[in-house]
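Here my numbering = 1-based position in the sequence shown + 1. Note sheet for the following structure.
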Amino acid sequence: MKLLIVGGVAGGASAAARARRISEDAEIVLFERGPDVSFANCGLPYFIGGKIAERDRLLVAKPELLRSRFKLDVRTRSSVESIDRIAKNVCVRDVASGREYEETYDKLILATGAAPFRPSIPGMDLPGVFTLRTLQDTDQIKEQVDRGVKQVVLLGGGFISLELAENFVRCGISTTVVEKNGQILTPFDEEMTTPIVHELADNGVTLLLGQTAEAIEQTTEGLSVCLNSGRRLPAQLAIFGVGVRPENKLAVEAGLEVGPRGGIRVNEFLQTTDPNIYAVGDAIEVRDVVSGDPIQVPLAGPANRQGRIAADNVFGRAVTYRGTQGTAIVGVFDKTAAMTGASEKVLRRTNRNFRKVYVHPTHHAGYYPGAEAMTLKLLFDPTTGKVLGAQAVGGAGVDKRIDVLAVAIQSGMTAFDLEEMELSYAPQYGAAKDPVNMAGFVAGGLLRGDHPEADIELILAAPAGDKAFLLDVRTPQEFASGHIPTAVNIPVDDLRSRLSELPRDRKIAAYCQVGQRGYLATRILLQTGFTAVNVAGGYKTYKLFHPSPT
Ligand code: FAD
Numbered sequence: 002m003k004l005l006i007v008g009g010v011a012g013g014a015s016a017a018a019r020a021r022r023i024s025e026d027a028e029i030v031l032f033e034r035g036p037d038v039s040f041a042n043c044g045l046p047y048f049i050g051g052k053i054a055e056r057d058r059l060l061v062a063k064p065e066l067l068r069s070r071f072k073l074d075v076r077t078r079s080s081v082e083s084i085d086r087i088a089k090n091v092c093v094r095d096v097a098s099g100r101e102y103e104e105t106y107d108k109l110i111l112a113t114g115a116a117p118f119r120p121s122i123p124g125m126d127l128p129g130v131f132t133l134r135t136l137q138d139t140d141q142i143k144e145q146v147d148r149g150v151k152q153v154v155l156l157g158g159g160f161i162s163l164e165l166a167e168n169f170v171r172c173g174i175s176t177t178v179v180e181k182n183g184q185i186l187t188p189f190d191e192e193m194t195t196p197i198v199h200e201l202a203d204n205g206v207t208l209l210l211g212q213t214a215e216a217i218e219q220t221t222e223g224l225s226v227c228l229n230s231g232r233r234l235p236a237q238l239a240i241f242g243v244g245v246r247p248e249n250k251l252a253v254e255a256g257l258e259v260g261p262r263g264g265i266r267v268n269e270f271l272q273t274t275d276p277n278i279y280a281v282g283d284a285i286e287v288r289d290v291v292s293g294d295p296i297q298v299p300l301a302g303p304a305n306r307q308g309r310i311a312a313d314n315v316f317g318r319a320v321t322y323r324g325t326q327g328t329a330i331v332g333v334f335d336k337t338a339a340m341t342g343a344s345e346k347v348l349r350r351t352n353r354n355f356r357k358v359y360v361h362p363t364h365h366a367g368y369y370p371g372a373e374a375m376t377l378k379l380l381f382d383p384t385t386g387k388v389l390g391a392q393a394v395g396g397a398g399v400d401k402r403i404d405v406l407a408v409a410i411q412s413g414m415t416a417f418d419l420e421e422m423e424l425s426y427a428p429q430y431g432a433a434k435d436p437v438n439m440a441g442f443v444a445g446g447l448l449r450g451d452h453p454e455a456d457i458e459l460i461l462a463a464p465a466g467d468k469a470f471l472l473d474v475r476t477p478q479e480f481a482s483g484h485i486p487t488a489v490n491i492p493v494d495d496l497r498s499r500l501s502e503l504p505r506d507r508k509i510a511a512y513c514q515v516g517q518r519g520y521l522a523t524r525i526l527l528q529t530g531f532t533a534v535n536v537a538g539g540y541k542t543y544k545l546f547h548p549s550p551t
């Protein structure tokens with residue numbers, strides 16, 4: 002068996018190492034256009050900021066290791082230029098010499114990744130304008146940082162830009178993030194990004210939403226980033242993080258099928274439309290675990306796992322890829338945002354019925370010092386309770402809950418299963434009712450009809466004749482420090498004795514801080530003949546939708 006692999010980083014290097022573990026005899030050639038293989042793209046922002054001090058740490062496996070330990074024929078600075086599917090060979094260009102040669106294959110794996118999108122606006126080629134993908138990009142950006150850059154503009158408010166923002170601020174650089182959409186971190190639902198917006202502001206990052214760069218100009222001070230709003234931002238560094246496009250040129254030119262957004266089409270065995278050619282990683286289209294639709298998800302975990310699976314299949318093991326559910330996480334200063342499965346906006350866009358709940362627990366028992374707050378949003382099927390998606394934002398423990406919920410989605414679990422989930426607990430680690438259980442209790446109560454909840458957006462948007470009576474059941478002190486406009490305050494402990502103050506001809510929407518006292522109030526009201534709902538997630542959820550100005 003002669004296996005050629007194009008692309009030597011996440012997917013390609015994983016495939017090569019796996020292939021060798023399966024077959025000691027196979028001839029395995031790994032082509033990489035750049036000088037490095039198997040480097041840690043995900044660590045690049047942290048090397049720029051100095052958190053990762055040694056550049057060498059980013060080189061997960063150097064070519065020499067792949068050669069000596071895995072007996073791989075690693076060819077760096079070798080760009081595969083074309084594929085001849087009939088002759089079963091590829092044309093390779095040695096980048097240094099320009100020499101071209103052919104190499105035959107029995108099987109071929111494409112792991113060419115995705116390239117950062119570079120908008121075609123004037124000034125993209127000016128010195129100081131970058132995208133971030135390779136170690137060479139990183140070296141150039143870091144060199145500027147070390148030279149004492151004062152101002153950076155990051156175009157795009159996605160994961161990589163926000164990680165860079167944190168690192169630039171830590172280097173004492175004035176940092177502005179410009180995002181075309183009305184929200185950062187667009188895979189998330191907008192309200193779940195509110196705490197991250199506050200975190201950026203608290204750390205001095207200027208965030209400009211709904212704006213784009215139209216041109217970059219050279220000035221005596223460095224650069225001027227010209228926005229569509231007319232604003233001009235002075236900077237010495239401008240870094241575009243506005244999405245990636247699959248590197249599909251080889252595949253397209255070889256006549257392999259690609260999806261509408263350019264991802265190489267593969268079957269469940271990660272085989273392209275040519276059975277001798279497999280493809281993995283950011284370059285491919287995958288099946289969305291929740292919707293079953295084709296999607297593109299540029300993440301390291303799927304790329305690594307796909308590399309292994311493709312190698313298994315090359316050697317006849319018939320392993321299928323389950324699909325991707327977009328489990329992702331980002332740290333922004335002291336906050337973490339993570340998600341898995343479908344977002345509310347995707348469910349709406351695809352007309353999928355769903356219900357949602359918000360809980361605002363602490364990451365471990367509140368009585369134990371150091372408990373950090375989080376908001377957890379759970380999306381589930383309104384009939385079966387099947388978990389469709391989850392998002393969490395907060396401090397410590399966000400990662401753990403989203404990972405548990407990622408497994409729940411993979412296993413097809415329901416909200417009822419979350420109620421029953423047995424998770425580890427001691428006060429410094431969790432709670433006897435873990436946040437995942439809490440989300441299950443609220444969702445389960447809602448599905449059983451024990452706990453009528455309504456979303457604050459719907460309550461507030463109701464037509465004039467159908468407006469709910471907003472009842473704030475928190476303490477007068479909590480009420481005084483902020484409440485939903487028009488709400489009336491009757492603390493839950495006084496509610497039974499003050500029922501006569503409430504209207505019987507209107508629906509009552511009760512709320513507290515996070516939903517728990519509102520739930521109790523709702524139960525009291527329902528059992529005393531009122532029509533009542535609990536406002537999902539309480540005042541904290543309202544504030545996610547109606548944040549205080551930053
Ligand atoms: P890549 O890792 O991009 O590798 C593809 C390789 O193929 C490239 O080195 C390219 O030079 C080579 N190549 C392309 N065409 C040819 C050719 N014709 N001939 C030879 N070689 C070729 N993901 C996460 O899940 N978590 C994170 O925290 C995270 N952080 C990131 C931070 C940064 C700054 C970046 C850039 C990415 C990050 N990612 C993260 C995304 C993750 O790195 C990618 O999803 C993953 O690397 C994809 O693996 P891949 O093998 O498909 O592509």
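C-beta atoms are modelled at their ideal positions from N, C-alpha and C, and glycine is treated no differently. Just so it is clear, the structure is predicted and the values come from calculations on it, not from any experiment.
Looking at the ligand FAD, does it come within less than 8 Å of residue i, judged from the CB to the closest heavy atom?
i: Phe-131; result: no
i: Arg-34; result: yes
i: Lys-250; result: yes
i: Pro-64; result: no
i: Cys-513; result: no
i: Ala-11; result: yes
i: Glu-345; result: no
i: Ile-110; result: no
i: Ile-296; result: no
i: Ser-80; result: yes
i: Phe-160; result: yes
i: Gly-282; result: yes
i: Ala-97; result: no
i: Pro-453; result: no
i: Thr-113; result: yes
i: Leu-300; result: yes
i: Leu-186; result: no
i: Glu-101; result: no
i: Val-320; result: no
i: Leu-45; result: yes
i: Ala-311; result: no
i: Arg-134; result: yes
Taking residue i as the reference, give the member of the options with the closest Cα.
i: Gly-317; options: Arg-68, Val-179, Lys-108 and Val-170; result: Lys-108
i: Asp-95; options: Ala-469, Ala-432 and Glu-103; result: Glu-103
i: Leu-209; options: Val-259, Thr-221, Leu-156 and Glu-167; result: Leu-156
i: Pro-295; options: Tyr-426, Leu-186, Thr-351 and Tyr-520; result: Thr-351
i: Tyr-106; options: Glu-192, Ala-116 and Val-30; result: Val-30
i: Gly-413; options: Val-493, Ala-488 and Thr-385; result: Thr-385
i: Ala-255; options: Val-91, Gly-99 and Gly-519; result: Val-91
i: Lys-72; options: Arg-134, Leu-4 and Ile-142; result: Leu-4
i: Ile-457; options: Gly-445, Gly-446 and Phe-470; result: Phe-470
i: Phe-40; options: Arg-58, Glu-25, Asp-26 and Ala-27; result: Arg-58
i: Gly-371; options: Val-347, Ala-397 and Leu-424; result: Ala-397
i: Ile-217; options: Gly-205, Gly-231 and Arg-22; result: Gly-231
i: Met-125; options: His-365, Ala-537, Phe-241 and Gln-411; result: Phe-241
i: Pro-362; options: Phe-442, Ile-285 and Thr-341; result: Phe-442
i: Asn-42; options: Gly-99, Ser-98 and Phe-160; result: Phe-160
i: Gln-219; options: Glu-180, Gly-149, Val-360 and Gly-129; result: Gly-129
DSSP puts residue i in a beta bridge; with which residues?
i: Glu-103; result: Cys-92
i: Asp-85; result: Asn-90
i: Gly-159; result: DSSP lists no partner for Gly-159.
i: Gly-223; result: Thr-220
i: Glu-180; result: Leu-210
i: Pro-235; result: Ser-225
i: Phe-40; result: Leu-60
i: Asn-535; result: Glu-454 and Ala-511
Rounded C-beta distance between residue i and residue j? I'm assuming under 8 Å.
i: Asn-277; j: Gly-263; result: The Cβ separation is near 22 Å, so there is no contact.
i: Val-154; j: Ala-239; result: 5 Å
i: Asn-182; j: Tyr-47; result: With 8 Å as the limit, Asn-182 and Tyr-47 do not qualify as a contact, their Cβ atoms being about 26 Å apart.
i: Gly-9; j: Val-38; result: 3 Å
i: Gly-50; j: Cys-172; result: 6 Å
i: Leu-1; j: Leu-503; result: There is simply no residue 1 to check, as the chain begins at 2 and stops at 551 in what is shown.
i: Pro-299; j: Asp-283; result: 4 Å
i: Gly-324; j: Ser-15; result: About 18 Å separates the two Cβ atoms, so there is no contact after all.
If you measure from the CB of residue i, is any heavy atom of the ligand HEM nearer than 8 Å?
i: Asn-90; result: This structure does not include the ligand HEM; its bound ligands are the ligand FAD.
Cβ of residue i less than 9 Å from any chain B Cβ?
i: Lys-544; result: Of the chains in the structure shown, none is chain B; there is only one protein chain.
Run through the segment 341-418 for me and flag every whole alpha helix (DSSP H) of 4 or more residues, listed as ranges in chain order.
345-350 and 399-411
Which complete beta strand (DSSP E) runs does the segment 409-497 hold, if anything under 3 residues is left out?
470-473
Just list the beta strand (DSSP E) runs in the segment 4-33, keeping only unbroken ones of 3 residues or longer that don't cross its boundaries, in chain order.
28-32
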